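Here's the structure we're looking at; comments come further down.
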């Protein structure tokens, strides 16, 4: 099958690959580039485990064709820690026991990051709304909601 | 978190230094950075993808299987049928001598539930495997099916599984697991009131976010590494060894990282056929359930029906309990004979009842095979028992919590299955629940103890 070239920025690094037309961004990231932090839970856009950030927007990488991402700026949870220092969201997910099996965690953190980038001081309702596209089968969600609220407070204290 | 160390203070030897102290989970740093390696995060050059041809019928004889068109499909490397599997008929619990072997890895002559694996297709891409699977022609003769447990137990019902010869699991105690304690009929004769109620549940799917699967890589020396999300590493290794007729030393299982299990990943389903595919092609193989397969094919919690008949006195004592329990195993045993047996021991609940009669049946039907799920065998039982307890309390006009204090088991009480009670804490839990829920009970119940005689 004919291959098509794709080129984009992933967590600040330039990436270029030849892929089969129709390959999802999820499969391109995981199988071609080797960033396995986005997870495939349903491959039909319902579980949110594959969530990534494309040009500042939260996107489901299982429903995004890789060839539509030429020139895009893509961020995943694998690139969130800077210089080995955890992002406040990662720190808060650890401290608040917001992970159990961990499979939904990278997607949850992406959804939470987009929320906090736009709404630094979210209400509980804002957090629930922002995470509503991400399924967790272990925690019952409450520790995750608390983690995002804790991270928002940590952010605003740092800013003050 | 508040710790109530006054409970059991006179018998407690530990200092409880750890309980109540937060301790970081060892796996969380990997989770929050996306570094935790799940089985599907392993990717090998030249990896093949396995897709299963599944039965569209609940019960059918297989007249013939034609794989010729599938084998010609571009990208297909190998097609597997029952004759390729060295030991095709197996059962998971044979490892602990719970037989007979009753399930096929790939269907051989018959399918017994809708979704049963018939033919495995290995191809260069997932898409090629899927397209080729659609080209496999299976000629079925559809047979009558049975979906209801009580219908399945009637004479003349379609026989679901020939390896059992009847539609129930044959325990050493006969057609059901039995508990007999005291004289239940004498208990009913003595009772002020009798209440018989029937409770039932549907199958429940665990729906983990990570679907069931494995990745197998052939190593040197005819050895295979299997990256899997099984919840039962050694069950899986040992059963794979039996199915493949391959010494365990040839199999290296890597796992323990499970993207949600809840009991849904304790069966041995994907690993043996994927290892076989790797052995016969010499290439790495990935077999991952689609979301649809996870919801429709993987074992759910068994459907159950529980009939409870209780004799109760006006003063609140339960004097007799008779329970008939039915566990729907679906077409194959997997872990259900064990689940049904657990129910037999559990149905008196955490209560001391002098006269008990319990029969629990593990029933075969043409439904998806059921298996483990969080407390299987007792969870639906607890729903039934505690609803029954509320109904009994209402029947005799008693507070439902006080009613439970009267019947609660305490250290030294003999349970119906002949295990003496030890380490009971139900009384103390209910006392704390009474305070926490602001649901007061009479002072004499708050003075009771699980272990102090006379209290």
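Protein chains in written order, with our numbering: chain A, 21 to 180; chain B, 31 to 485. Idealized CB from N, CA, C, for every residue including glycine. These numbers were taken from a predicted model, which means no experiment stands behind them.
Within chain B, the residues 64 have their CB atoms less than 7 Å from the CB of residue 126/A, given in chain order. Separation of the CB atoms of residue 94/A and residue 109/A is rounded to 18 Å, and the pair is thereby denied contact status at 8 Å. Residue 70/A does not reach chain B, its nearest Cβ partner there being about 11 Å away, counting only Cβ pairs nearer than 7 Å. Under DSSP, no beta-bridge partner is assigned to residue 200/B.
In this structure the stretch 336-345 of chain B touches the stretch 227-235 of chain B; the number of beta carbon pairs closer than 8 Å is three or more. In terms of Cβ geometry, residue 142/A and residue 114/A do not form a close pair [threshold 9 Å]. In terms of Cα proximity to residue 147/B, the closest of 181/B, 92/B, 123/B is 92/B. In the structure shown, the three-state DSSP call for residue 403/B is coil.
Between the stretch 146-164 of chain B and the stretch 79-91 of chain B, the count of C-beta pairs closer than 8 Å reaches three or more; the two stretches touch. Beta-bridge pairing by DSSP links residue 84/B to 147/B.
Below the 7 Å Cβ cutoff, chain B contributes 239 as neighbours of residue 155/A, in chain order.
Residue environment analysis places residue 145/A among the exposed positions, since fewer than 16 neighbouring C-beta atoms fall within 10 angstroms of its C-beta. Residue 404/B has a beta carbon lying at 9 Å or more from every beta carbon in chain A. Under the 9 Å criterion on CB atoms, residue 98/A is classed as interfacial with respect to chain B. The continuous alpha helix (DSSP H) containing residue 432/B extends over residues 430-437. 9 Å or more divides the Cβ of residue 366/B from the Cβ of residue 330/B. Listed along chain B are 62, 63, each with a C-beta nearer than 9 Å to that of residue 101/A. Remark: fewer than three beta-carbon pairs, one from each stretch, lie closer than 8 Å, so the stretch 93-105 of chain B and the stretch 342-349 of chain B are not flagged as touching. 9 Å or more divides the Cβ of residue 469/B from the Cβ of residue 209/B. Residue environment analysis places residue 58/A among the buried positions, since at least 16 neighbouring C-beta atoms fall within 10 angstroms of its C-beta. The three-state secondary structure of residue 106/B, taken from DSSP, is strand.
With at least 16 other beta carbons inside 10 angstroms of its own, residue 293/B counts as buried.
Fewer than three Cβ pairs drawn from the stretch 165-184 of chain B and the stretch 118-136 of chain B lie within less than 8 Å of each other, which leaves the two stretches out of contact. Beta-bridge partners of residue 254/B (DSSP): 248/B, 281/B.
Under the 9 Å criterion on CB atoms, residue 71/B is classed as interfacial with respect to chain A. Contact check for residue 364/B against residue 401/B passes: the beta carbons are separated by less than 9 Å.
For residue 327/B, no beta strand (DSSP E) segment is defined, and its DSSP state is neither H nor E. Nearest in C-alpha terms to residue 238/B, of all of 253/B, 426/B, 222/B, 259/B, is 259/B. Contact annotation: residue 446/B and residue 407/B have beta-carbon atoms that are not nearer than 9 Å. Straight through space, the alpha carbons of residue 77/B and residue 87/A are spaced by roughly 23 Å.
Look at the stretch 123-172 of chain A and you find these whole runs of alpha helix (DSSP H), each 4 residues long or longer: 125-138, 144-150. Taking 7 Å as the Cβ-Cβ cut-off, the stretch 389-404 of chain B has no residue approaching chain A.
Under the DSSP assignment, residue 376/B falls outside any beta strand (DSSP E), being part of the alpha helix (DSSP H) whose first and last residues are 366-376.
Within the stretch 124-150 of chain A, those residues whose Cβ lies closer than 8 Å to any Cβ of chain B are, in chain order, 124, 125, 126, 129.
Residue pairing of residue 79/B in beta bridges, as defined by DSSP: 153/B, 316/B. Annotation for residue 475/B: the continuous alpha helix (DSSP H) segment containing it runs 473-476.
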